[in-house]
Amino acid sequence: MLRVVLAVLRKDLGLFWRSPAVVAVTLLPPVILLFTLLMESAAVGSLPVALVSQGKTAASRQVTDVLATYPGFRAQRLDPAAAARAYDRLDVAGILTVPADVGQGPAHGQSPAVTLTVRNFNADFTNDLLRDLPDALGHVALPRSAGVAVAERDLQPKDADFLGFQMVAVLVLLLLQAGIVNAGMAAVHEWQSGTVKELLLAPAPALALIVGKVLAGVVAADVVGIVLGGLSLAAGFFGHPSPGALMLSFLVMTLLAAVGSGIGVGMASGMRSFERLGPASMLVSFYLFFLAGGIAAVAYLPAWLRALAGAIPNFYGMDALRGLLLYGAAPHLGQDVLVLALWLVVVLGGGPWLLRRSLSR
Amino acid sequence: MLRATIAVLRRELWSGAARPLGTLLAVMVPLNFLILMALFALSGGRANVALVLQDRGPYAQRFVQALTASDTFALHPVATAKQALALVRGQDDVAMIVVPPGFSRQIAAGRPARVGMTLDNLNHDFAEDARRGLSLAVADFERRYAPAAQPVAWSVRLAYPRTVGFLPFLALSILTAALLIGGLLQGGLGMAREWEAGTIRELMLSPAGALPVLLGKLSATFALALVGGLFALSGALLLGVPIGGVLPSAGVLLAVLLVFVSIGLALGALLRSERLVLPLSFAVGLPLFFLSGPFGPMEWSSPGVLLLARLFPIYYANGLLQRTFFGYWPLAVPVGLAVAVLLLWTVAALAAGGLSYRRATAPRGGRW
Numbered sequence: 001m002l003r004v005v006l007a008v009l010r011k012d013l014g015l016f017w018r019s020p021a022v023v024a025v026t027l028l029p030p031v032i033l034l035f036t037l038l039m040e041s042a043a044v045g046s047l048p049v050a051l052v053s054q055g056k057t058a059a060s061r062q063v064t065d066v067l068a069t070y071p072g073f074r075a076q077r078l079d080p081a082a083a084a085r086a087y088d089r090l091d092v093a094g095i096l097t098v099p100a101d102v103g104q105g106p107a108h109g110q111s112p113a114v115t116l117t118v119r120n121f122n123a124d125f126t127n128d129l130l131r132d133l134p135d136a137l138g139h140v141a142l143p144r145s146a147g148v149a150v151a152e153r154d155l156q157p158k159d160a161d162f163l164g165f166q167m168v169a170v171l172v173l174l175l176l177q178a179g180i181v182n183a184g185m186a187a188v189h190e191w192q193s194g195t196v197k198e199l200l201l202a203p204a205p206a207l208a209l210i211v212g213k214v215l216a217g218v219v220a221a222d223v224v225g226i227v228l229g230g231l232s233l234a235a236g237f238f239g240h241p242s243p244g245a246l247m248l249s250f251l252v253m254t255l256l257a258a259v260g261s262g263i264g265v266g267m268a269s270g271m272r273s274f275e276r277l278g279p280a281s282m283l284v285s286f287y288l289f290f291l292a293g294g295i296a297a298v299a300y301l302p303a304w305l306r307a308l309a310g311a312i313p314n315f316y317g318m319d320a321l322r323g324l325l326l327y328g329a330a331p332h333l334g335q336d337v338l339v340l341a342l343w344l345v346v347v348l349g350g351g352p353w354l355l356r357r358s359l360s361r
Numbered sequence: 362m363l364r365a366t367i368a369v370l371r372r373e374l375w376s377g378a379a380r381p382l383g384t385l386l387a388v389m390v391p392l393n394f395l396i397l398m399a400l401f402a403l404s405g406g407r408a409n410v411a412l413v414l415q416d417r418g419p420y421a422q423r424f425v426q427a428l429t430a431s432d433t434f435a436l437h438p439v440a441t442a443k444q445a446l447a448l449v450r451g452q453d454d455v456a457m458i459v460v461p462p463g464f465s466r467q468i469a470a471g472r473p474a475r476v477g478m479t480l481d482n483l484n485h486d487f488a489e490d491a492r493r494g495l496s497l498a499v500a501d502f503e504r505r506y507a508p509a510a511q512p513v514a515w516s517v518r519l520a521y522p523r524t525v526g527f528l529p530f531l532a533l534s535i536l537t538a539a540l541l542i543g544g545l546l547q548g549g550l551g552m553a554r555e556w557e558a559g560t561i562r563e564l565m566l567s568p569a570g571a572l573p574v575l576l577g578k579l580s581a582t583f584a585l586a587l588v589g590g591l592f593a594l595s596g597a598l599l600l601g602v603p604i605g606g607v608l609p610s611a612g613v614l615l616a617v618l619l620v621f622v623s624i625g626l627a628l629g630a631l632l633r634s635e636r637l638v639l640p641l642s643f644a645v646g647l648p649l650f651f652l653s654g655p656f657g658p659m660e661w662s663s664p665g666v667l668l669l670a671r672l673f674p675i676y677y678a679n680g681l682l683q684r685t686f687f688g689y690w691p692l693a694v695p696v697g698l699a700v701a702v703l704l705l706w707t708v709a710a711l712a713a714g715g716l717s718y719r720r721a722t723a724p725r726g727g728r729w
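Chains as they are written, first to last, in the working numbering: chain A, 1 to 361; chain B, 362 to 729.
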């Protein structure tokens, strides 16, 4: 059986490296996603605002300085006329006006207010600015009486970098897509070249053929996964995971690639043509990806989508890889590996059945 | 010329009907894109937060109102902190907020009160949203019930009477991108198929010139793209996009679709391969969606990204659709210029398609 597996593996790997179309379909979705994420990270950055200070008191200067250096928005100090022009030209999202006698008045709550004039095109960035303003003013060191203090406890030792967090998502999509496409294309090749009849007549067990094809998908996926993971690591997106975490990450990547490859072989048995499998594989990997939380975290999803994500293999791969590569610990690693292994058993078990059914037609 | 145009149109539609599955799949691509992007949009809304209310006093209730008004959290009550922590650890919630016993008593007495937040700080961007959301709720609460705790008062003036929600705003940009993908796909496949199937020779031998062929193709692929666009529009309306005037909305949607189908025709004539048109239409759709200004005006991105956005028609098309559906103009360029750019793209695309067709049908050295 091992000989058969190795022969299939060697043949299918050669097929992958020789076919530019297969390489293109493998790499296209993650490349698109990567480009998209770079776009998104530019879009979700801090918003530009004009900062107009009308006072020269110490309190006014202090408030202005705090707002000017607050990282939540990009404040430009402008005079009122220049601020109005910038606002009209859409150079800024809003105007922050610090009044002359800020922080003074009959009672603090009724004192002249810092005013934010905002172009409320949508609730998302409007809320961003609304959240930022009181947060920024909380840094002003003026005398204040007792209020509500927040005691925060974080589950992770530090906030992961936004781009690093997303790179894990890209890696998962790449592994899934590479697995589905490569194993799928290798299987489809048997139909398109007519060699499927030879397979039918060969004495090799169907499981050996499936394992060989899945293994070819795994090797190809692991190679591109290691390249992307290595580049991300070198670029500092993942921080400094320990060697143990890296080895465990490789195990999870391999399991994920194997599940993807199994799905690919199953799809190929039903579709039997490159033209159908190429776009379908992209669609399936994107659906699996977004249904499992995509570039966000599942905790942000509505309950029905969270329940659905729990049934999708890449959710577990993403959870384990984010834990290992970003936070130094994956608390659900055992569960993640177990579910991925179960999925692998299901796709490997279903593969021969689908192949036989397809060949018998 | 009209007869030739209608003949090409009919042939193209019959050809689509002869491949029902392929046509249906291509028509459904914009809807698929809308669903995928809606899944993405669903994750960008309010953060699920477990609320453990251990004080039932009036100020605790008002603090919960402030949390809700912050428009950051989707709160749900949980009986104990232990249960709430299990939800956060199990990735069912982003955070838990605990309002401890005696909170109202402390506020009423003018003494410091505390609230606790346990946060799954998965990444800096998400975590800061939650932190600032809580900060806003605290400031809002203090402003009303403990004003002395706020040394600097603040107020907000909104430019427009209504703030469009996150999901409808994003859904309109998704619709624009879905129209783009549908237009590229239908226009591109319609044109490339002639080369791939070899039927371009029949067209070459026919007495019809390039213009009727191009117009016939444009009409047929536009009709197919329109079917897909209507599916996507229905999805966008379900996601909360408001309809302004029916006629202006329909007019702008049709005009935008015409631009994209024209570009699709040019793409198909240049690539001459269905295999290339199909993934490319999808591949360019996603990045261009992010250049359409899906989160807010591209003018607030970096100058390089803005420059890139202005090179593509989707930036102007999305601006026009936002003006029609939301009632404001979100671009720094004037409306007239945006319309002119789209017109230019359409003319240039049709010219490129026509040129490519002419070159393909021009005799070379006495032979086709």
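Backbone N, C-alpha and C define an ideal beta-carbon position, used for all residues, glycine too.
The structure presented is a predicted model; accordingly, all values stated were derived computationally and were not measured.
- Residue pairing of G477 (chain B) in beta bridges, as defined by DSSP: A:A151 and B:V459.
- Taken in chain order, no unbroken stretch of beta strand (DSSP E) lies wholly in the region 683–728 of chain B with a span of 3 residues or more.
- Across the set B:V459, B:V622, B:E555 and B:P691, the C-alpha of B:V622 shows the shortest separation from the C-alpha of W706 (chain B).
- Taking a C-beta cut-off of 7 Å against chain A, the contacting residues of the region 452–471 of chain B are Q452, D453, D454, V455 and G471, listed in chain order.
- Interface flag for E660 (chain B) against chain A is set, since a Cβ pair is found closer than 8 Å.
- Per DSSP, I95 (chain A) is one residue of the beta strand (DSSP E) stretching across G94 to V98.
- Take the alpha-carbon of G377 (chain B) and the one of V345 (chain A): they are about 41 Å apart.
- DSSP places A440 (chain B) outside both helix and strand once states are collapsed to three, so it counts as coil.
- Here L163 (chain A) really is in contact with F237 (chain A); their C-beta atoms are around 6 Å apart, less than 8 Å.
- Proximity of R671 (chain B) to chain A, defined by a Cβ-Cβ separation below 8 Å, is not satisfied.
- Per DSSP, the unbroken alpha helix (DSSP H) holding Q166 (chain A) starts and ends at F162 to Q192.
- DSSP, reduced to helix, strand and coil, places V410 (chain B) within a strand of the structure shown.
- For Q467 (chain B), the enclosing alpha helix (DSSP H) begins and ends at F464 to A469.
- Pairwise C-beta distances place the region 463–470 of chain B out of contact with the region 433–445 of chain B, as fewer than three of them are shorter than 8 Å.
- DSSP places W556 (chain B) outside any beta strand (DSSP E); the residue lies instead in the alpha helix (DSSP H), whose first and last residues are F527 to A558.
- Contacts with chain B at 8 Å (Cβ-Cβ) include N120 (chain A).
- Taking L618 (chain B) as reference, the option from B:A701, B:P529, B:T537 and B:V455 with the minimal CA-CA separation is B:T537.
- Cβ-Cβ distances below 7 Å link D481 (chain B) to V449, V455 and A456 in the same chain, with the five nearest sequence neighbours on each side left out; the list follows chain order.
- Contact annotation: M552 (chain B) and L641 (chain B) have beta-carbon atoms that are not nearer than 8 Å.
- Taking the Cβ atoms as the reference, V588 (chain B) lies roughly 11 Å from V390 (chain B), outside the contact range of under 8 Å.
- Distance check between P80 (chain A) and each of A:I95, A:R89 and A:A329 places A:I95 closest, using alpha-carbon atoms only.
- Residue environment analysis places I624 (chain B) among the buried positions, since at least 16 neighbouring C-beta atoms fall within 10 angstroms of its C-beta.
- Where L326 (chain A) is concerned, there is no enclosing alpha helix (DSSP H), because DSSP gives it neither an H nor an E.
- In the structure shown, S53 (chain A) adopts extended strand secondary structure according to DSSP, grouped into three states.
- Contact between the region 131–151 of chain A and the region 490–507 of chain B is established, with three or more Cβ pairs separated by less than 8 Å.
- In summary, A611 (chain B) is exposed, with fewer than 16 beta-carbon neighbours lying within 10 Å of its beta-carbon over all protein chains present.
- The beta carbon of A245 (chain A) sits closer than 6 Å to those of L324, all from its chain and outside the five residues before and after it, given in chain order.
- Taking a contact to require three or more Cβ pairs closer than 8 Å, the region 245–260 of chain A and the region 221–228 of chain A qualify as touching.
- Interface flag for W515 (chain B) against chain A is set, since a Cβ pair is found closer than 8 Å.
- For M282 (chain A), the nearest beta carbon of chain B is closer than 8 Å to its own beta carbon.
- Among the residues facing chain B, R89 (chain A) is included, as its CB has a counterpart in that chain under 8 Å away.
- Secondary structure note for L116 (chain A): its beta strand (DSSP E) is the uninterrupted segment V114 to V118.
- Taken atom to atom, the span from the alpha-carbon of G406 (chain B) to that of E489 (chain B) is near 14 Å.
- The contact set of N393 (chain B) on chain A, defined by CB atoms closer than 9 Å, consists of L283, F286 and Y287 in chain order.
- In the three-state scheme derived from DSSP, where H, G and I count as helix and E and B as strand, N484 (chain B) is classed as strand.
- Taking 8 Å as the cut-off, the beta carbon of I226 (chain A) is found no closer than this to the beta carbon of V347 (chain A).
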